[in-house]
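Per the working numbering, residue 62 is the first one in the sequence shown, and the count goes up by one each step.
Glycine residues also receive a C-beta, built at the ideal position from the N, C-alpha and C atoms.
In this text the structure is predicted, and so the values were computed from the model without any measurement.
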Amino acid sequence: MGFQQKILSSKNKITLISGILIVIGFIAHFGFGNTQVFNIAFIIASILGVVPIAIQAFGALKVKVISIDVLVTIAVIGAFLIQNYEESAIVTFLFLFGSWLEARTLNSTRSAIKELTEMAPEVAFKQMENGEFEEVDVWDVDEGDILQVRTGGKVPVDGTVVIGEGHINEASITGEADPVRKETDSEVFAGTILENGTLQIRADRVGEDTTFGKIIELVEEAQDSKSEAERFIDQFSQWYTPAVLVLAFIVWIFSQNVELAITILVLGCPGALVIGVPVSNVAGIGNGAKNGVLLKGSEVIQDFSKVDTILFDKTGTLTVGNPEVAEFKTYGDADQALSYLASVENESDHPLAKAVLSQLGDIEMYPVDETNVVKGGGIVAEVDGHRVAIGNVALMEKENIQLTKEAREDFEAYEKRGNSLVITAVDGELKALMGIRDQIRPGIKQDLQAMKALGVKNLIVLSGDNQGTVDLVAEELGLTEAHGNLLPEDKADYLKELQAQGQIVAFVGDGVNDSPSLALADIGIAMGSGTDVAIETSDVVLMNSNMSRLPHALGLTKATANNMKQNIVIAVGTVLVLLAAVFFSDWMNMSIGMLVHEGSILVVILNGMRLLRYRLKGTDVETANAKEVYA
62 MGFQQKILSS
72 KNKITLISGI
82 LIVIGFIAHF
92 GFGNTQVFNI
102 AFIIASILGV
112 VPIAIQAFGA
122 LKVKVISIDV
132 LVTIAVIGAF
142 LIQNYEESAI
152 VTFLFLFGSW
162 LEARTLNSTR
172 SAIKELTEMA
182 PEVAFKQMEN
192 GEFEEVDVWD
202 VDEGDILQVR
212 TGGKVPVDGT
222 VVIGEGHINE
232 ASITGEADPV
242 RKETDSEVFA
252 GTILENGTLQ
262 IRADRVGEDT
272 TFGKIIELVE
282 EAQDSKSEAE
292 RFIDQFSQWY
302 TPAVLVLAFI
312 VWIFSQNVEL
322 AITILVLGCP
332 GALVIGVPVS
342 NVAGIGNGAK
352 NGVLLKGSEV
362 IQDFSKVDTI
372 LFDKTGTLTV
382 GNPEVAEFKT
392 YGDADQALSY
402 LASVENESDH
412 PLAKAVLSQL
422 GDIEMYPVDE
432 TNVVKGGGIV
442 AEVDGHRVAI
452 GNVALMEKEN
462 IQLTKEARED
472 FEAYEKRGNS
482 LVITAVDGEL
492 KALMGIRDQI
502 RPGIKQDLQA
512 MKALGVKNLI
522 VLSGDNQGTV
532 DLVAEELGLT
542 EAHGNLLPED
552 KADYLKELQA
562 QGQIVAFVGD
572 GVNDSPSLAL
582 ADIGIAMGSG
592 TDVAIETSDV
602 VLMNSNMSRL
612 PHALGLTKAT
622 ANNMKQNIVI
632 AVGTVLVLLA
642 AVFFSDWMNM
652 SIGMLVHEGS
662 ILVVILNGMR
672 LLRYRLKGTD
682 VETANAKEVY
692 A
């Protein structure tokens with residue numbers, strides 16, 4: 062380690078020694094009237110204190126940046142040369158002590174993220190070839206391995222329970238502390254804690270591919286990103302700091318008062334301005350991570366706080382995403398047709414396909430020779446030498462299926478009762494009609510009302526489902542508008558229209574077909590149980606598809622944006638007051654200025670840290686006042 066690195070790594074020790082020397086100096090002067098010890102103590106404290114600051118200043122100058130360290134170094138050397146040892150010693154001590162306090166308090170703002178990374182599992186009990194479970198490093202676990210999780214242990218991977226039952230605390234994933242019961246075939250997530258019971262799980266996703274691994278990766282990326290405000294302040298500081306240097310020089314030219322010029326250098330330091338915005342954003346991102354909301358960067362926080370329109374996909378977003386067959390009708394002899402229907406749907410992972418198979422149960426299957434997916438319509442397949450069309454009314458018309466008056470009346474009645482239609486035709490003849498309904502998410506109506514209270518003007522549902530079904534959902538939830546029968550590109554086009562009108566639009570979805578809209582929206586919000594594509598293209602992720610986190614996320618971004626503005630006002634106001642005091646008072650000096658300067662830095666950090674404790678206020682969202690909600 063070189064000399065400079067040793068000095069910088071010893072900053073805390075130097076700060077302590079400087080503080081002790083200053084105390085000794087004051088005791089010698091005021092206690093014993095010994096001026097010689099007073100001067101020697103302050104000279105040594107000044108030299109010791111300025112060395113690490115000067116090293117940092119030199120490093121900044123090498124990359125052509127006039128930093129705060131440059132201003133303080135010049136000011137301290139100037140004070141030392143005019144033999145104002147008391148000022149030079151106190152200024153260096155306060156600057157170093159302030160840096161130490163900043164580091165400690167900033168670590169607190171990152172505590173939520175630090176806690177998150179510490180939750181990452183390190184070991185797993187893996188079933189070996191002899192059937193015994195042995196402790197191994199979590200990185201030695203592969204997909205398909207059988208692992209054992211014991212009471213109090215961390216789940217090491219994303220997996221499926223194969224044996225056992227118990228209750229798991231999933232707060233690290235969802236933000237919810239209430240234990241969730243797990244049994245055979247239940248899904249479990251890495252980083253969660255088994256509170257009771259013993260489970261054997263099959264590893265489905267390991268390492269960085271787990272939900273928990275992605276959370277940590279996304280949060281770390283969010284911390285590294287900079288908002289437009291931060292970039293502006295960085296550029297502003299590059300010009301502002303040299304401007305202070307020039308101002309001090311001009312004051313010295315006209316006043317010939319070296320001490321006044323040096324004081325201006327100290328008072329003009331923009332430390333609180335530089336640190337105020339990042340600390341707010343880091344604290345906001347940390348709060349979100351603890352509460353099941355991933356905010357992908359500080360730019361996202363600024364944009365989300367201004368959203369006035371939110372678009373929702375229906376299935377899996379406003380609804381549970383687990384539809385069931387509610388009504389079922391056949392036309393003529395349909396036994397063979399139902400087997401063909403089951404054969405085709407068995408090759409799909411669409412929620413409606415699962416509902417169909419669940420309804421049909423144990424039925425004869427046939428090989429599917431050819432499958433053609435008709436976008437926005439359904440599926441046309443060749444099964445056992447027959448042409449099978451499965452989909453909506455538009456597909457039936459495209460396939461020239463003869464639809465009787467009775468059939469059309471059935472379609473209309475099913476839609477009015479909120480069903481999605483799955484119509485089956487074989488060789489041009491209508492054979493079966495299924496009405497499938499999804500359940501509204503519990504508590505979603507209260508969540509939507511909370512977002513209205515937070516200032517969102519328009520809540521709109523966009524769906525590929527029929528208009529009747531979409532209208533029923535919108536009516537039940539009190540949405541502003543409802544648009545059905547939309548293809549993915551139709552949703553994207555509608556979103557662009559709103560943006561062209563000047564609206565700031567967020568889109569909430571969970572599937573691959575939502576990816577274009579998630580990417581185009583000012584803020585794309587993905588459900589955590591959605592596809593990887595949807596999560597990657599989004600700006601905000603609601604872990605475990607917990608929609609109740611959406612009002613918290615919106616309120617948090619508004620609080621963070623407000624907190625950032627408060628910090629800017631505190632920082633700029635402090636500098637203006639200090640500079641005014643230099644010119645219009647006779648009590649301001651370097652030591653007082655540095656004390657106030659460091660104090661302003663701590664104030665903005667502590668103000669930012671308030672966001673770590675942020676909670677959405679107002680339980681009665683119907684009467685909640687927007688100011689009360691995100692003050």
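Whose C-alpha, out of I346, G529, M651, L494, is nearest the C-alpha of T618? The sequence position of residue 618 within the sequence shown is 557, counting from 1. Ranking the options by Cα distance to T618, first place goes to I346.
Runs of alpha helix (DSSP H) lying entirely within the segment 71-157, each at least 4 residues, in chain order: 72-87, 96-123, 129-142
By DSSP, does Q317 sit in helix, in strand, or in coil? Indexing the sequence shown from 1 puts residue 317 at position 256. Reduced to three states, the DSSP call for Q317 is coil.
DSSP state of S35 mapped onto helix, strand, coil: Residue 35 is absent from the structure shown; the chain starts at 62 and stops at 692.
One question on the structure: do T153 and L109 come within less than 9 Å of each other, judged by their Cβ atoms? Sequence index remark: in the sequence shown, residue 153 carries index 92 (1-based). Sequence index remark: in the sequence shown, residue 109 carries index 48 (1-based). Result yes, Cβ atoms of T153 and L109 sit closer than 9 Å.
Taking just the CA atoms, how far does D270 sit from S79? Looking up residue 79 in the sequence shown gives position 18. Looking up residue 270 in the sequence shown gives position 209. Each residue's Cα considered, the two are about 50 Å apart.
Compute the distance between the beta-carbons of P384 and S481, then report whether it is under 9 Å. The residue you call residue 384 lines up with position 323 of the sequence shown. The residue you call residue 481 lines up with position 420 of the sequence shown. Contact flag set, yes.
Since G225 and T259 should fall inside the 8 Å C-beta cutoff, what is the C-beta to C-beta distance between them, to a whole number of angstroms? Within the sequence shown, residue 225 is the residue found at index 164, counting from 1. Within the sequence shown, residue 259 is the residue found at index 198, counting from 1. Yes, G225 and T259 are in contact; Cβ-Cβ is about 5 Å, under 8 Å.
In terms of alpha-carbon separation, which member of T324, L515, V305 lies closest to K367? By 1-based counting over the sequence shown, the position of residue 367 is 306. The shortest C-alpha separation from K367 is found at L515.
Reference L611; option with closest CA among N342, D499, F373, G86: Counted from its first residue, the sequence shown places residue 611 at position 550. For the residues N342, D499, F373, G86, the minimum Cα distance to L611 belongs to F373.
Is it buried or exposed, P428, if we count other Cβ atoms within 10 angstroms and call 16 or more buried? For the purposes of this step, residue 428 is taken as residue 367 along the sequence shown, with counting starting at 1. That one is exposed.
Three-state secondary structure (DSSP) of G227: Residue numbering aside, residue 227 sits at position 166 when the sequence shown is read from its first letter. Three-state DSSP puts G227 in a strand.
I need the straight-line Cα distance from I85 to S316, nearest angstrom please. Here residue 85 corresponds to residue number 24 of the sequence shown, with the count starting at 1. Here residue 316 corresponds to residue number 255 of the sequence shown, with the count starting at 1. Going from the Cα of I85 to the Cα of S316 covers about 35 Å.
Given 8 Å, three or more beta-carbon pairs between the segment 453-466 and the segment 481-497: Because the criterion of three Cβ pairs below 8 Å is met, the segment 453-466 and the segment 481-497 touch.
Since P577 and E550 are thought to touch, with beta carbons under 8 Å apart, how far apart are those beta carbons, to the nearest angstrom? Counting from one through the sequence shown, the residue named residue 577 turns up at place 516. Counting from one through the sequence shown, the residue named residue 550 turns up at place 489. Between E550 and P577 the Cβ distance is about 7 Å, and since that is below 8 Å, they are a contact.
Which residues does DSSP list as the beta-bridge partners of I207? Taking the sequence shown and counting its residues from 1, the one referred to as residue 207 is at position 146. I207 pairs with R263.
Buried or exposed (CB count within 10 angstroms, at least 16 for buried), F472: Position 411 of the sequence shown, counting from 1, holds the residue named residue 472. By the 10 Å Cβ count, F472 comes out buried.
Pick from H613, S661, A622 that is closest to I631, judged by C-alpha positions: Taking the sequence shown and counting its residues from 1, the one referred to as residue 631 is at position 570. Checking every option, the nearest Cα to that of I631 belongs to S661.
Do V218 and A185 have their beta-carbon atoms positioned less than 9 Å apart in this structure? Indexing the sequence shown from 1 puts residue 185 at position 124. Indexing the sequence shown from 1 puts residue 218 at position 157. A contact, by the Cβ cut-off of 9 Å.
Coarse secondary structure for Q188, derived from DSSP in three states: Counting from 1 along the sequence shown, the entry for residue 188 is found at position 127. The answer is strand: DSSP assigns Q188 an E or B state.
Please state whether the Cβ-Cβ distance between K57 and T391 is less than 9 Å. Because the chain is modelled from 62 through 692, residue 57 falls outside the range shown and cannot be assessed.
Go ahead and label T76 buried or exposed: buried means 16 or more other beta carbons lie within 10 angstroms of its beta carbon, across all protein chains shown. Within the sequence shown, the letter at position 15 stands for residue 76. Classification of T76: buried, given that the 10 Å Cβ count is 16 or more.
By Cβ distance below 7 Å, which residues in the same chain neighbour H613 in space, the five residues on each side in sequence not counted? Mapped onto the sequence shown, residue 613 falls at position 552. Correct list, in chain order: N352, V354, L677.
What's the call for E431, buried or exposed, on a 16-neighbour Cβ count within 10 Å? Against the sequence shown, residue 431 aligns to sequence position 370. By the 10 Å Cβ count, E431 comes out exposed.
Measure the C-alpha to C-alpha separation of T635 and A322 and round it to an integer number of angstroms. Here residue 635 refers to the residue found at position 574 of the sequence shown. Here residue 322 refers to the residue found at position 261 of the sequence shown. If you draw a straight line from the Cα of T635 to the Cα of A322, it is about 18 Å long.
Beta-carbon proximity of A333 to H90, cut-off 9 Å: Translated into positions along the sequence shown, residue 333 becomes position 272. Translated into positions along the sequence shown, residue 90 becomes position 29. Taking 9 Å as the cut-off, the Cβ atoms of A333 and H90 do not count as close.
Element boundaries [alpha helix (DSSP H), containing F644]: In the sequence shown, residue 644 corresponds to position 583, counting from 1. That run of the alpha helix (DSSP H) goes 610-645.
Sequence-distant residues of its chain with Cβ nearer than 7 Å to A173 (five each side left out): Numbered from 1 along the sequence shown, position 112 holds the residue referred to as residue 173. The predicted position of A173 is uncertain, since its pLDDT is 49 and thus under 50; no value can be drawn from it.
Checking 9 Å against the spacing of the C-beta atoms, do E476 and G529 come in under that value? Within the sequence shown, numbered from 1, the residue matching residue 476 stands at position 415. Within the sequence shown, numbered from 1, the residue matching residue 529 stands at position 468. Contact flag set, yes.
For the segment 135-149 against the segment 640-658, do three or more pairs of beta-carbon atoms, one drawn from each stretch, fall closer than 8 Å, so that the two count as touching? With a cut-off of 8 Å, the segment 640-658 and the segment 135-149 count as touching, because enough Cβ pairs lie within range.
So, helix, strand or coil for G258, using DSSP? The residue given as residue 258 occupies position 197 in the sequence shown. It is a strand residue.
I need the DSSP call for T465, collapsed to helix, strand or coil. Your numbering for residue 465 matches position 404 in the sequence shown. In the structure shown, T465 sits in coil (DSSP, three-state: anything other than H, G, I, E or B).
Just curious, the beta strand (DSSP E) that N433 is in, first and last residue? Sequence index remark: in the sequence shown, residue 433 carries index 372 (1-based). Its beta strand (DSSP E) spans residues 429-435.
In this structure, does DSSP put R502 in helix, strand or coil? Taking the sequence shown and counting its residues from 1, the one referred to as residue 502 is at position 441. R502: coil per DSSP, three-state reduction.
Using a Cβ-Cβ cut-off of 8 Å (strictly less than) and excluding sequence neighbours within five positions of I501, which residues of its own chain qualify? Mapped onto the sequence shown, residue 501 falls at position 440. Correct list, in chain order: L379, T380, V381, V534, E537, L538.
One question on the structure: do D265 and E204 come within less than 9 Å of each other, judged by their Cβ atoms? Here the question's residue 265 lines up with position 204 in the sequence shown. Here the question's residue 204 lines up with position 143 in the sequence shown. For D265 and E204, yes; Cβs fall inside 9 Å.
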